[in-house]
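Residue numbers (our numbering), protein chains in the order written: chain A, 1 to 259; chain B, 1001 to 1368. Built from N, CA and C at the ideal position, the CB exists for glycine as well. Values in this document were obtained by computation on a predicted structure and should not be read as measured data.
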Amino acid sequence: MPFHENQLEVDGFEIRYWKSGQGRPVVMLDPTGWRETVLHDALAEQYQVFSLELPGTGDSPANTVSESIGDLGSTVAKAAASITSEKYTLVGTSFGASVALWQTLRSPEQVEALILVSPMSIKPQHVPVATNAVAAHRVLFAHEENSTNNSPLSQATYDKESELSQRLRVGVHDVEAEGRLGDIHCPTLAIFGQEDHFVTPEAPRVYREKIPNCNIALVYDAGHCIIGDRPEALVNAIIDYAEHWETFIIGRQAGLINP
Amino acid sequence: MKASMFAGMGYSQRATFPSIWPVSPVHADPETSVQSYREGMDECELAEEMGFDWLSFSEHHYSGRIATGTPSVMASAVAERCKKIKIALLGHLLPLNNPVRVAEELALLDNLSNGRLVAGFLRGTPNEDQVYTVNPAEGRGRLLEGMDLILKALTEPEPFSWEGRYYQFRTVAVWPRLVQQPLPQVVVGTRSDDTVRYAAEHRLGLGVSFLPVEETAKITDKYRVWCEEAGWIPGPDDIVYRGSIYVAETDKLANEWFEGLTRSRPGPNIPMRRTVAEAIEAARTGNVFDLRGVVAGSPEGDVVGNSLGINFLGGPDTVAKQIKEFHDRCGVGVIDMPFQQNKVDHKAVLEEIELFGKEVIPQISEFK
Chain A
1 MPFHENQLEV DGFEIRYWKS GQGRPVVMLD PTGWRETVLH DALAEQYQVF SLELPGTGDS
61 PANTVSESIG DLGSTVAKAA ASITSEKYTL VGTSFGASVA LWQTLRSPEQ VEALILVSPM
121 SIKPQHVPVA TNAVAAHRVL FAHEENSTNN SPLSQATYDK ESELSQRLRV GVHDVEAEGR
181 LGDIHCPTLA IFGQEDHFVT PEAPRVYREK IPNCNIALVY DAGHCIIGDR PEALVNAIID
241 YAEHWETFII GRQAGLINP
Chain B
1001 MKASMFAGMG YSQRATFPSI WPVSPVHADP ETSVQSYREG MDECELAEEM GFDWLSFSEH
1061 HYSGRIATGT PSVMASAVAE RCKKIKIALL GHLLPLNNPV RVAEELALLD NLSNGRLVAG
1121 FLRGTPNEDQ VYTVNPAEGR GRLLEGMDLI LKALTEPEPF SWEGRYYQFR TVAVWPRLVQ
1181 QPLPQVVVGT RSDDTVRYAA EHRLGLGVSF LPVEETAKIT DKYRVWCEEA GWIPGPDDIV
1241 YRGSIYVAET DKLANEWFEG LTRSRPGPNI PMRRTVAEAI EAARTGNVFD LRGVVAGSPE
1301 GDVVGNSLGI NFLGGPDTVA KQIKEFHDRC GVGVIDMPFQ QNKVDHKAVL EEIELFGKEV
1361 IPQISEFK
C-alpha cells in the first residue's frame, strides 16, 4: 500500500510525515530507515497510518532546539493533533518509543492506545559506543545476516542523530518517566526482543508493574531491531494488540482440524 | 563424584515384550503395572538409603521398558516417599511438550520436594517424534526455543507474552515460584554442537548419554571450552553422564550375566520399522526420504534399532574404575544409571543397588 509524503510545521520544525490507509488513526514514530516495513503495510491495510519523521532524524535538519525527550514528545503531540482530530493508537520504536512515552504523558487525551517497541527509557543497558554507522547498525540485530538485509544510516545522519541522542540523554535511565508511568491509563503494550542488549532483562517488568493496563511481549530470537529479526512476529503482535488491546491475550485462532 | 539412579519404573514383565516400538498396551496387565510401579518406588527408597545423591526420571512413551510418559507425575510420587534425595527430571522432551506446562510442572515439583529439583531438557530419541505428531524437522528449533521460554517462565516475576517461532503464549505467569532461586540446577541432555553451546552460553549443565568415554570426551571438551568463552567454569555437578550398568559381586558373575543376555539374542533397543526409522532420520536431517528404496533394500529385516550395550559391567572395583574414566577424562561429576536392565528382575535390581551403594559409592565419592 503506497505511503504519500506530506509536511507540516510545528514549533518551528518542518516535519515530514507519510500517510496511507483508511480507518482509525495510527501514529508511528519510527527510527530512520525503519519506515517502509511490512509493519507499516500491515497497519495501513486496516488503519489510517501516519508515520512521522522526528525532528533531527533522517533527512531533517539537525535539531538543536528540543531540550528534552519530553519537549520532543510535546512537539510530536502537536503535529499529530494537526493531522488527525481523532484519538489515535501511538506506535513508537526505539528512540521513537521514548518520545511516544513522553507524548502520552504530555497529551494523554490524544492517545487511545500506546505500543512501545524496544523502548529504552527504563533500565537501559550500557552498549559499547559504536564508532561508526555500520558498527552501530550491526548491534541492533540478533543475527548478522539480518543486518545485511537493512541498510545502515549514512555516516552524516548517524553523526547528526548521535549528537541529538547524547544531548537528550537517550539511553540514560529516565527517572522522571519511570516515576510517571502510573499516569498512563490507556492500554499499553511494550514489546522487547529477547536478545535486545540495549535494555536490561529487568526493564520489561517495570512497565508491567507501573502502568495500570500494560502487557509485555517478548519476541524470541530478536534483538533491538525486532522488525529486522522477526518481522512476522512483530506484525502479528502489533496487529492483534491494535485491534484487541488488552484482550489480545485471548486465543482466536481456530483449532479445529477436520470438521 | 555423585551417584544417580535412573528410575525407569519398568513393567516387571518387560523381557517378554515383542521386539517393536510402540509396545501394544495389550501387554500391560493393570495388576502387574501397579505392582511394577510399587517395586520401582521401593528401588528408589533403597537407592536413597544406600547413599545415592539423585533419583532421575525421564520422559519415554509407549513402552513398558521405561514406563514414565509423564515423568513429573512419577517424580512427585517418589518425592513423597524419598525425603532427602535430589529429584532429577532428566528430563522432559521439549519438542513434544508445551513449554509453559513444563515450567509449571518443574515449579510445582520444586515446591513439593522443597527445593530438591534438578531439571533436564532433551530433544528425545527419534521414535519419540511420533508420539504427539511433532514434525521431526522442527525438533531442534522447538528444543532451543522451548528452553528459552521455560527459563524465562521460571524466572520472570511479571506476566508476559511470548512471540516465538514455534510457540505463542499471550499470557505466561507461572505459579508457584521456584523454591531454589534463581534456578535449580538445569542440565541440557545433548550430543549436538548447537545445544552444547546453548548450555555453555546459558551457564547450564550438560548431560551425555550412553556414549563410550572417548566420544563423550569430545563433547565435554567442547562444552568446557565454550563455558570458558562464556566466562565461567562448570562445577562438578554440571556434567552428568547416563550409562547403563550391571554390577555383580565379581567380574566373573557380571560377565556371565552379559554372555547369557547376548546368547538370548534380545531384540534391538527401541525397535522400529525400517521405513519409519529412516523417514524420521531423513526429516530430522533434512534429507530426501525414498520410501520404495528403503523397502527394496532391507536385507536385515523390517525392524531396526540400536544394539543393547552395557556401559558399566563388572564387579564393584571394575565398575568404579570404569566410572573413574568418565570422571577423569570427561569431567563427569554425576553418574546416572538405570539398574533395570533387560532380564534383571526386581529382586536382582535391589541387590545391585545395595551392592553399588556399599561397594561402589564409597569409591566414586572420593573422585574429586
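Check                                                                                                                     : Outcome
Neighbour list for residue 194 of chain A in chain B, Cβ cutoff strictly below 8 Å                                        : 1148 and 1152
At least 3 beta-carbon pairs within less than 8 Å: the region 150–165 of chain A vs the region 191–203 of chain A         : no
At least three beta-carbon pairs within less than 8 Å, the region 1042–1050 of chain B to the region 1082–1093 of chain B : yes
7 Å Cβ cutoff, residue 241 of chain A in contact with chain B                                                             : no
contact_flag[the region 1283–1294 of chain B, the region 1330–1343 of chain B] where n(CB pairs < 8 Å) is 3 or more       : no
Residue closest to residue 1356 of chain B, alpha-carbon to alpha-carbon, out of B:1052, B:1013 and B:1029                : B:1052
Closest residue to residue 9 of chain A among A:215, A:2 and A:76 (Cα-Cα distance)                                        : A:76
CA nearest to the CA of residue 147 of chain A, picked from A:203, A:69 and A:226                                         : A:226
Burial state of residue 256 of chain A (16 or more Cβ within 10 Å)                                                        : exposed
Complete runs of the beta strand (DSSP E) confined to the region 27–101 of chain A [at least 3 residues]                  : 48–52 and 88–93
Buried or exposed by the 16-neighbour rule on C-beta atoms within 10 Å, applied to residue 47 of chain A                  : buried
Interface flag, residue 219 of chain A vs chain B, CB-CB below 7 Å                                                        : yes
From B:1100, B:1007, B:1065 and B:1336, residue whose alpha carbon lies closest to that of residue 1075 of chain B        : B:1007
Per-residue DSSP class, three states only, for residue 1265 of chain B                                                    : coil
Under 7 Å between C-beta atoms of residue 1216 of chain B and residue 1208 of chain B                                     : yes
is_contact[residue 249 of chain A, chain B] using C-beta, thresh 7 Å                                                      : yes
Those runs of the beta strand (DSSP E) which lie wholly inside the region 98–171 of chain A and span at least 3 residues  : 111–117
Cutoff 7 Å: residue 254 of chain A Cβ touching any chain B Cβ                                                             : no
Inside the region 1160–1198 of chain B only - beta strand (DSSP E) runs reaching at least 3 residues                      : 1160–1163, 1168–1172 and 1185–1189
Below-7 Å beta-carbon distance, residue 190 of chain A vs any chain B residue                                             : no
Best match in A:187, A:14 and A:45 for proximity to residue 215 of chain A [C-alpha to C-alpha]                           : A:187
Stretch pair the region 1311–1327 of chain B + the region 1243–1251 of chain B: three plus CB contacts closer than 8 Å    : yes
Interface positions of the region 196–214 of chain A facing chain B (Cβ-Cβ less than 8 Å), listed along the chain         : 204, 205, 208 and 209
Neighbour-count burial assignment, residue 17 of chain A, 16 or more Cβ in a 10 Å radius                                  : buried
C-beta neighbour in chain B for residue 115 of chain A, strict 7 Å                                                        : no
Terminal residues of the alpha helix (DSSP H) in which residue 1068 of chain B lies                                       : Where residue 1068 of chain B is concerned, there is no enclosing alpha helix (DSSP H), given that its DSSP letter is neither H nor E.
Residues that DSSP places opposite residue 1057 of chain B in a beta bridge                                               : B:1089
C-beta contact flag for residue 211 of chain A and residue 184 of chain A at 7 Å                                          : yes
Given 8 Å, three or more beta-carbon pairs between the region 168–179 of chain A and the region 59–71 of chain A          : yes
Range covered by the alpha helix (DSSP H) that runs through residue 1226 of chain B                                       : 1213–1229
Residue 1145 of chain B at chain A interface by Cβ criterion, 7 Å                                                         : yes
Same chain, Cβ closer than 8 Å to residue 1107 of chain B, neighbours up to 5 away in sequence not counted                : 1154, 1174, 1175, 1176, 1177 and 1178
Interface flag, residue 142 of chain A vs chain B, CB-CB below 7 Å                                                        : no
Buried or exposed by the 16-neighbour rule on C-beta atoms within 10 Å, applied to residue 53 of chain A                  : buried
Residue interval of the alpha helix (DSSP H) (run including residue 1245 of chain B)                                      : Here residue 1245 of chain B belongs to no alpha helix (DSSP H); instead the beta strand (DSSP E) covers 1245–1247.
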